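Residue numbers (my numbering): 89 to 414.
Quick reminder that beta carbons are idealized off the backbone N, C-alpha and C, glycines included.
All figures in this text were calculated on a predicted structure; none of them were measured in a lab.
Written out below as structure tokens is the structure these notes cover.
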């Protein structure tokens, strides 16, 4: 297959087999598309988890789940950048000038996986999965089965499916719909076409690489972002709770009518202090009244008019003085 390439090196190896557009996608994608995890059969036997080993053998997952090879992330990423789907359903790619073809028969010969049975084109109702995986008391969280209600067997099965066979989940607390379908079929002793599932997973990884609208992150980065988002949500909820509590408290304290008047504010006690009741003091004029003053009982010094401009019963208001006010 002839490819118009770009000379140079990327990731420590020649990139002549990549076109300019493929080279741009290779450098922009930061995610690790392959993991290097494997099931420790000896450890499972040591801890008495024989049922897991039996299930893996029955599903023909043992060779695939226990495979431990040296990982070359840059080569794997280049493989997915150039990946193409052929008419017969197989996948082809070129890495360092070497053409690679992935088919169901090749996967069966390499890993001994099953090539018949259920795959991604088959789906299971969420209620049926909840009953089949957890039981009658299953709980849904955001439309998915809540991971924390799984028993020990299902927890290990969840890890094998989501982190080794088809590493697709973002966090350990969630599982995609397709992966829960696999868990359901495994628990119900149904045959799973793992060769087809692997090919579907590889197509999904290729689509992720070429999805320019989304920025791919490593698993650690995604977990960190999810934790930061959860912390921010908790902080926001706490703040909202404080405001709601404060509003309720203020509503209770301001239940008494205020007759449209504002409460006095005190710099030390705040505006929520109780108003002191007004004491009625009757007017007892002991001083001479003013004919030109609205407030009875004032003397000249106390009146808002200047001294000499108000007339008492004893003093007369003069026109000369009043001219100043006009």
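Can you name the start and end residues of the beta strand (DSSP E) that residue i belongs to?
i	result
residue 198	From DSSP, residue 198 is part of no beta strand (DSSP E) but of the alpha helix (DSSP H) over 192 to 199.
To which residues of the same chain is residue i closer than 6 Å at the C-beta, ignoring the five residues directly before and after it?
i	result
residue 217	268, 272
residue 132	140, 141
residue 358	Low confidence applies to residue 358: its pLDDT is 48, below 50, so where it sits in the model is not reliable enough to give any reading.
residue 163	183
Quick check: what's the CA-CA separation for residue i versus residue j?
i	j	result
residue 254	residue 285	8 Å
residue 98	residue 134	Note that residue 98 has pLDDT 49, beneath the 50 cutoff, so the model's placement of it is unreliable and no number is given.
residue 165	residue 242	31 Å
residue 304	residue 227	Annotation note: pLDDT 48 at residue 304 (below 50); position unreliable, coordinate value reported separately. Straight-line Cα distance between these residues: approximately 30 Å.
residue 108	residue 171	15 Å
residue 182	residue 295	17 Å
residue 213	residue 174	31 Å
residue 224	residue 264	21 Å
residue 239	residue 230	20 Å
residue 328	residue 252	41 Å
residue 194	residue 157	18 Å
residue 266	residue 145	21 Å
residue 317	residue 324	10 Å
residue 130	residue 326	47 Å
Determine the extent of the alpha helix (DSSP H) in which residue i is found, giving its start and end residues.
i	result
residue 244	240 to 248
residue 142	138 to 146
residue 180	Segment 179 to 183 is the beta strand (DSSP E) holding residue 180; no alpha helix (DSSP H) there.
residue 224	It is not in any alpha helix (DSSP H) - residue 224 carries neither H nor E in the DSSP assignment.
residue 288	282 to 297
residue 274	265 to 275
residue 176	From DSSP, residue 176 is part of no alpha helix (DSSP H); its letter is neither H nor E.
So residue i and residue j are supposed to be a Cβ contact under 8 Å. How far apart are they, rounded?
i	j	result
residue 126	residue 274	Contact doesn't hold; Cβ gap of about 18 Å is too wide.
residue 188	residue 290	Residue 188 to residue 290, Cβ: 11 Å. No contact.
residue 200	residue 232	The Cβ separation is near 31 Å, so there is no contact.
residue 244	residue 137	7 Å
residue 297	residue 160	About 16 Å; that fails the 8 Å criterion.
Leaving out the 5 sequence neighbours to the left and right, which residues in its chain are closer than 7 Å to residue i when beta-carbon positions are compared?
i	result
residue 203	192, 196, 281, 283
residue 237	222, 226, 227
residue 276	220
residue 178	189, 190, 191
Looking only at its chain, what residues have a beta carbon closer than 8 Å to the beta carbon of residue i, apart from the 5 residues adjacent to it on each side?
i	result
residue 207	280, 281, 284, 285, 288
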